[in-house]
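Asks: Numbering (this note's numbering), first residue to last: 516 to 888.
I'd like to ask some things about the structure below.
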């Protein structure tokens, strides 16, 4: 390979890329805006639960339930209902996330020493959020139960009790942004590298400069190298900028090696740039290349474990995820950011990325032909 010819092709590619003013915000501003939007939107932390409250007992004990909810600071009573119908209407109209109904004999049952029931109605249209709201409500009710038992029997009932001592490692505050933001960084790098690389060759055909490249002494391998090296440099620069921005803006900890993260990014880019190059060689127009790119992006996102655990997927789909480079890169980037682990733990993911990257990139180069058809 003649590196002088490759260098000139890389220089030409950078000039052509930055000469178009529409590309500049896409390369610099767009990734940061997307990181901000996704970083705040993709969030499972619950800080406000609207409660429609129906108190048919109207006693001290029933008011203790309302006080326990309000004392948690996550629950907010927005609709004190006068009848069960009002409770249902609040849930139907999305005015409340949860409805709590206390029956008229609630206090009587407690004073007799019987089990008193509190009905909790939860909007299950978003099942993941519903389960979290139920968990918060159970936690509040468990604390209230202990207070009522202590008041009723005047002694602590702790016989045969299992006392859990919980300590959360790697993310002590269970901040979902610390889980999602590293994945968003990986997804943005994949998105940008795929989009630009998929346009690399097809753009030359559409603007009529592919004929000039064909008659040059550039070999197919040199042409591919010259077209991909600029996007490798741009993608790595974006990786550094977006990662630094995530650490500063979202206070994201980087517990592991930055150099190891950079090496993993290079292996990951080998796969994404190979897929983008393959799309560019099989597409006839830029519009077709764009549509094909999004055809790849959605499965990569859904089958990566970014939001949905791979273990919950059907067995056949789990096997398909082994062909997804984003799956391995997410494990690496979260392991380096949150756990601070090194190559001794992450070598299977590095090996899988290397095998996928070499296979995909070699296939894209083999598919490329230095001709117009």
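All C-beta atoms in this analysis are idealised placements derived from N, C-alpha and C, irrespective of residue type, glycine included.
Computed from a predicted structure; not experimentally measured.
Applying the criterion that 16 or more other CB atoms from any shown protein chain within 10 Å of the CB defines a buried residue, is residue 688 buried or exposed?
Replies: Walking along the chain shown from the start, residue 688 turns up at place 173. Exposed.
Asks: Considering Cα atoms alone, identify which of 735, 779 and 741 is closest to residue 755.
Replies: As a working note, residue 755 is residue 240 in the chain shown. Answer by Cα proximity: 779.
Asks: How long is the line joining the alpha carbons of residue 734 and residue 743, rounded to whole angstroms?
Replies: Along the chain shown, read from residue 1 onward, the residue named residue 734 stands at position 219. Along the chain shown, read from residue 1 onward, the residue named residue 743 stands at position 228. Using only the alpha carbons, I get a separation of about 14 Å.
Asks: Let me know the secondary structure DSSP gives residue 506 once reduced to three states.
Replies: Beyond the ends of the chain as shown, which are 516 and 888, falls residue 506; an answer cannot be given.
Asks: Kindly indicate the opening and closing residues of the beta strand (DSSP E) around residue 613.
Replies: By 1-based counting over the chain shown, the position of residue 613 is 98. 613-617 is the extent of the beta strand (DSSP E) around residue 613.
Asks: Our contact map puts residue 789 next to residue 881 with C-beta atoms below 8 Å; I'd like the distance itself, whole angstroms only.
Replies: For the purposes of this step, residue 789 is taken as the residue at position 274 of the chain shown. For the purposes of this step, residue 881 is taken as the residue at position 366 of the chain shown. Residue 789 to residue 881, Cβ: 11 Å. No contact.
Asks: Count the other C-beta atoms from every protein chain shown that fall within 10 angstroms of the C-beta of residue 528, then say buried if there are 16 or more, exposed otherwise.
Replies: The sequence position of residue 528 within the chain shown is 13, counting from 1. The residue is buried, with at least 16 neighbouring Cβ atoms inside 10 Å.
Asks: I need the straight-line Cα distance from residue 732 to residue 720, nearest angstrom please.
Replies: Here residue 732 refers to the residue found at position 217 of the chain shown. Here residue 720 refers to the residue found at position 205 of the chain shown. Roughly 18 Å separates the two Cα atoms.
Asks: Is residue 508 helix, strand or coil when you go by DSSP?
Replies: Only positions 516 to 888 of the chain appear in this structure, which leaves residue 508 out of reach.
Asks: Flag this pair as yes or no: are the beta carbons of residue 786 and residue 714 separated by less than 9 Å?
Replies: Within the chain shown, residue 786 is the residue found at index 271, counting from 1. Within the chain shown, residue 714 is the residue found at index 199, counting from 1. No, they are not a contact pair.
Asks: Under 6 Å Cβ to Cβ from residue 570, same chain only, skipping five residues before and after it: list those, please.
Replies: The count along the chain shown starts at 1 and reaches residue 570 at position 55. Excluding sequence neighbours, residue 570 sits near 577 and 617.
Asks: For the beta strand (DSSP E) holding residue 830, just list the boundary residues, first then last.
Replies: For the purposes of this step, residue 830 is taken as the residue at position 315 of the chain shown. Note, residue 830: premise wrong, no beta strand (DSSP E); alpha helix (DSSP H) at 830-835.
Asks: Buried or exposed, going by whether 16 or more other CB atoms sit within 10 Å of the CB of residue 614?
Replies: For this step, residue 614 is matched to residue 99 along the chain shown. Counting Cβ neighbours within 10 Å, residue 614 comes out buried, since at least 16 surround it.
Asks: Which class does residue 770 belong to by DSSP, given the choice of helix, strand or coil?
Replies: Position 255 of the chain shown, counting from 1, holds the residue named residue 770. Looking at residue 770 - three-state DSSP - the assignment turns out to be coil, as it is neither helix nor strand.
Asks: Rounded to whole angstroms, what's the CA-CA distance from residue 774 to residue 701? Just pull it up for me.
Replies: Position 259 of the chain shown, counted from the first residue, corresponds to residue 774. Position 186 of the chain shown, counted from the first residue, corresponds to residue 701. Computed Cα separation, rounded: 16 Å.
Asks: If contacts are defined as beta-carbon pairs under 8 Å, then residue 820 and residue 845 qualify, I think. What distance do you get, rounded to the angstrom?
Replies: Here the question's residue 820 lines up with position 305 in the chain shown. Here the question's residue 845 lines up with position 330 in the chain shown. So it is a contact: roughly 6 Å between Cβ atoms.
Asks: Going by alpha carbons, who is nearest to residue 705 out of 580, 747, 596 and 620?
Replies: Within the chain shown, the letter at position 190 stands for residue 705. Of 580, 747, 596 and 620, the residue nearest in Cα terms is 747.
Asks: For my contact list, residue 708 and residue 784 are in at a C-beta cut-off of 8 Å; report their separation, rounded to the angstrom.
Replies: What you label residue 708 is simply residue 193 of the chain shown in a count that begins at 1. What you label residue 784 is simply residue 269 of the chain shown in a count that begins at 1. In this structure, residue 708 and residue 784 form a Cβ contact; the two beta carbons are roughly 6 Å apart against a cut-off of 8 Å.
Asks: Between the Cα of residue 782 and those of 847, 837 and 594, spot the shortest distance and give me the residue it belongs to.
Replies: Your numbering for residue 782 matches position 267 in the chain shown. The residue with the shortest Cα to Cα distance from residue 782 is 847.
Asks: For residue 867, I'd like the list of residues in its chain whose CB is within less than 7 Å of its CB, leaving aside the five on either flank, ordered along the chain.
Replies: Your numbering for residue 867 matches position 352 in the chain shown. So the qualifying residues of the chain are 843.
Asks: Please determine, among 865, 535 and 799, the residue with the shortest C-alpha to C-alpha distance to residue 840.
Replies: Here residue 840 refers to the residue found at position 325 of the chain shown. Answer by Cα proximity: 865.
Asks: In its own chain, which residues sit with a C-beta less than 8 Å from the C-beta of residue 838, not counting the 5 before and 5 after it?
Replies: Position 323 of the chain shown holds residue 838. Closer than 8 Å at the Cβ level, and outside the excluded window around residue 838, lie 871.
Asks: Decide if the region 548-560 is in contact with the region 592-600; the criterion is three or more beta carbon pairs, one per stretch, under 8 Å apart.
Replies: no
Asks: Confirm, please, whether the CB-CB distance from residue 543 to residue 612 is below 9 Å.
Replies: Sequence index remark: in the chain shown, residue 612 carries index 97 (1-based). Sequence index remark: in the chain shown, residue 543 carries index 28 (1-based). Cβ distance not < 9 Å, so residue 612 and residue 543 don't count as in contact.
Asks: Tell me, which residues are paired with residue 590 by DSSP?
Replies: Translated into the one-based positions of the chain shown, residue 590 becomes position 75. Its beta-bridge partners are 564.
Asks: Residue range of the beta strand (DSSP E) that residue 636 falls in?
Replies: Position 121 of the chain shown, counting from 1, holds the residue named residue 636. Run containing residue 636: 633-637, per the beta strand (DSSP E) assignment.
Asks: Helix, strand or coil: how does DSSP classify residue 687 here?
Replies: Counting from 1 along the chain shown, the entry for residue 687 is found at position 172. Of the three classes helix, strand and coil, the one that applies to residue 687 here is coil, per DSSP.
Asks: Give the secondary structure of residue 697 by DSSP, where H, G and I count as helix, E and B as strand, and everything else as coil.
Replies: Locating residue 697 in the chain shown gives position 182, counting from the first residue. Annotated three-state conformation of residue 697 is helix, per DSSP.
Asks: Mind checking residue 610: buried by the 16 CB within 10 Å criterion, or exposed?
Replies: Here residue 610 is taken as the residue at index 95 of the chain shown, counted from 1. Answer is exposed; the Cβ neighbour count stays below 16.
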